[in-house]
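Protein chains in written order, with the working numbering: chain D, 13 to 446; chain A, 382 to 493.
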């Protein structure tokens, strides 16, 4: 990486002589890294708007399509504001505490045009991280579609970001206690997918099932829309994972490659399993398997090699598949769009397996090598502590937030409103007027 | 006059239209409908959630004809819409009291 940088600097030197303004005030700024993280920021925002929004909107019934688009969109809106006010500071502020970043950077205090984060502008780093803070609560939408009150959804989202996402991001990425322990979570297996998955499970249990779940025809209204959104998620995930290298370097290249491989392996796994179990390769199954593969590789994208990525996609795909079916057919929990079994279980699986596949001694399945002073066993313990601590904390806090919101403003629309559909009852509009 | 209502498989609608046109039928109304009879529904599977879809898509044709033509039209529909498999549909025939062409005010067979 260093030699690249020297090469880049020497190539840039003549250009800087001609355009001295280029170098102004940005001591130590790396242009290549900066432009890649700018690009990644766009890619990750694109995952939510419109990727995840379309993916989810296609999976509900026509009477709720607009409400889902609006849930995802408004989450992006409010989290962007909260991020500027306090979110960035809580997650990445300068506090010495191992539990949160403090309020030293509230209102982006001190984050001016010249501020740097490593060798990229701090504004770029903060914007990149903001897109993660947006997509995480947006993932939870899958648990409560077709029956939550819009106002309660907004209140829940803000409280959840403040009390769960921002602190957990600090623990793992902002210099907090799990990062200090050496938890491997490259791009958010715990911070994003485990927290979203566990929160989704709690919400699904607290809200109860949709009317007609498993009894009448509560089925996706437009899988074309879902395929479109899923394809955007796949592409956007390059920014999510390879951007998490925070540099345009070898780690980013490998992260992109293993991410892509795991997505394909996850999709293939679901196609084959559906084929064997139910006789047909399901389209919805294929794109769900893709998401499972992507969620599984996310924490490990900076640690594993290509064959490790393949393995993660296959293993994550199989585990997520059977948990999804078990939750529906046996437990009959209406985590409507399967956030917990796909994201929660995928993120958890990848986080734990990262401890093994990071090892440099696995032949063709070798990763980048164990971190200094770690063995597979000790690393696994750290991963386990991370998963349990974050899972437990998220579960408890989510439950408390749901109870508070439920008491103050109610959580679920009335049975009649649910029957009419949230497009009309929550927004006085229809997604489709045909 | 008779009103012939035929519920048929959607992909058979063109065949039926051609068959009855040959008999001199000059108009019909087509509606996309859902329903079930002996065929029952089918199952759809979404990530392990199995749903029995009771109402299957069909096409409903409404054809008004003069009395003398009714039997031939029914026969033609039967022939064109048949696949021999369950779910081919049904035909209902009823007496039709009056027909009026709105543009000209013609009535009865003239208006067909």
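Ideal Cβ placement from N, Cα and C applies to all residues, glycine included.
Check the C-beta distance from residue 339 of chain D over to residue 345 of chain D and give it rounded, since I have them as a contact under 8 Å.
Correct: roughly 5 Å between the Cβ atoms.
How many whole angstroms separate the CB atoms of residue 81 of chain D and residue 65 of chain D, which I take to be in contact at a CB cut-off of 8 Å?
Their Cβ separation, rounded to whole angstroms, is 5 Å, which keeps residue 81 of chain D and residue 65 of chain D in contact under 8 Å.
Quick one: does residue 331 of chain A have its CB under 8 Å from some CB of chain D?
Limits of chain A in this structure are 382 at one end and 493 at the other, which puts residue 331 of chain A out of reach.
Give the C-beta separation of residue 411 of chain A and residue 477 of chain A to the nearest angstrom, bearing in mind that I take them to be a contact with Cβ-Cβ under 8 Å.
The Cβ separation is near 18 Å, so there is no contact.
Near residue 354 of chain D, which residues of its chain fall below 7 Å by C-beta distance, leaving aside the five closest residues on each side in sequence?
Excluding residues within five positions, the ones whose Cβ falls inside 7 Å are 300, 303, 304, 307, 332 and 336.
Identify whether residue 386 of chain A lies in helix, strand or coil by the three-state DSSP scheme.
Strand.
Give me the DSSP bridge partner(s) of residue 473 of chain A.
Paired residue(s): A:386.
Within 10 Å of its beta-carbon, does residue 76 of chain D have 16 or more other beta-carbons around it, so buried, or fewer, so exposed?
When all chains shown are included, residue 76 of chain D counts as buried.
Using the Cβ count rule (16 or more neighbours within 10 Å means buried), how would you classify residue 423 of chain D?
Its Cβ being crowded by 16 or more others within 10 Å, residue 423 of chain D is buried.
Pull up the distance between the alpha-carbon of residue 24 of chain D and that of residue 123 of chain D, whole angstroms please.
Low per-residue confidence applies at residue 24 of chain D: pLDDT is 48, beneath 50, and the placement is therefore not dependable, though the value from the model is reported in the following sentence. Taking the straight line joining both Cα atoms gives about 27 Å.
Please report the distance separating the alpha-carbon of residue 467 of chain A from that of residue 474 of chain A.
Their backbone Cα atoms lie some 21 Å apart in a straight line.
Would you check if the region 115-129 of chain D and the region 155-167 of chain D touch, i.e. whether three or more CB-CB distances between them fall below 8 Å?
Verdict: no, contact absent.
May I ask you to list, following chain order, the residues of the region 322-348 of chain D that have a beta carbon less than 7 Å from some beta carbon of chain A?
From the region 322-348 of chain D, only 336, 337, 340 and 341 have a Cβ closer than 7 Å to chain A.
Does the contact criterion of 3 or more C-beta pairs under 8 Å hold for the region 306-325 of chain D versus the region 176-190 of chain D?
Contact fails: fewer than three Cβ-Cβ distances are below 8 Å.
Taking the alpha helix (DSSP H) that residue 423 of chain A falls in, what are its first and last residues?
Note, residue 423 of chain A: premise wrong, no alpha helix (DSSP H); beta strand (DSSP E) at 423-427.
How about residue 434 of chain A and residue 447 of chain A: are their beta carbons less than 8 Å apart?
The answer is no: Cβ separation not under 8 Å.
In this structure, does DSSP put residue 163 of chain D in helix, strand or coil?
DSSP places residue 163 of chain D in helix when its eight states are reduced to three.
Can you give, in chain order, each stretch of the alpha helix (DSSP H) that sits fully within the region 336-402 of chain D and has at least 4 residues?
For the region 336-402 of chain D, whole alpha helix (DSSP H) runs of length 4 or above, ordered along the chain, are 357-369.
For residue 180 of chain D versus residue 214 of chain D, is the C-beta spacing smaller than 8 Å?
No, they are not a contact pair.
Give the residues from the region 404-437 of chain A that approach chain D closer than 7 Å (Cβ to any Cβ), ordered along the chain.
Residues passing the 7 Å Cβ filter: 425, 426, 427, 428, 429, 430, 432 and 434.
For residue 423 of chain A, count neighbouring Cβ atoms within 10 angstroms of its own Cβ and tell me buried if that reaches 16, exposed if not.
Residue 423 of chain A comes out exposed.
Starting from the C-beta of residue 419 of chain D, find all residues in its chain whose C-beta is less than 8 Å away, skip the five residues before and the five after it, and write them out in chain order.
Cβ within range, chain order: n/a, list empty.
Across the region 112-119 of chain D and the region 400-419 of chain A, are there enough close Cβ pairs to call them in contact, namely three or more that are closer than 8 Å?
Segments in contact, no.
Using 8 Å as the cut-off, can you tell me whether the region 45-57 of chain D makes contact with the region 135-143 of chain D, which would need three or more C-beta pairs spanning the two stretches below that distance?
Verdict: yes, contact present.
Hey, out of D:46, D:292 and D:359, whose CA is closest to residue 130 of chain D's CA?
The shortest C-alpha separation from residue 130 of chain D is found at D:46.
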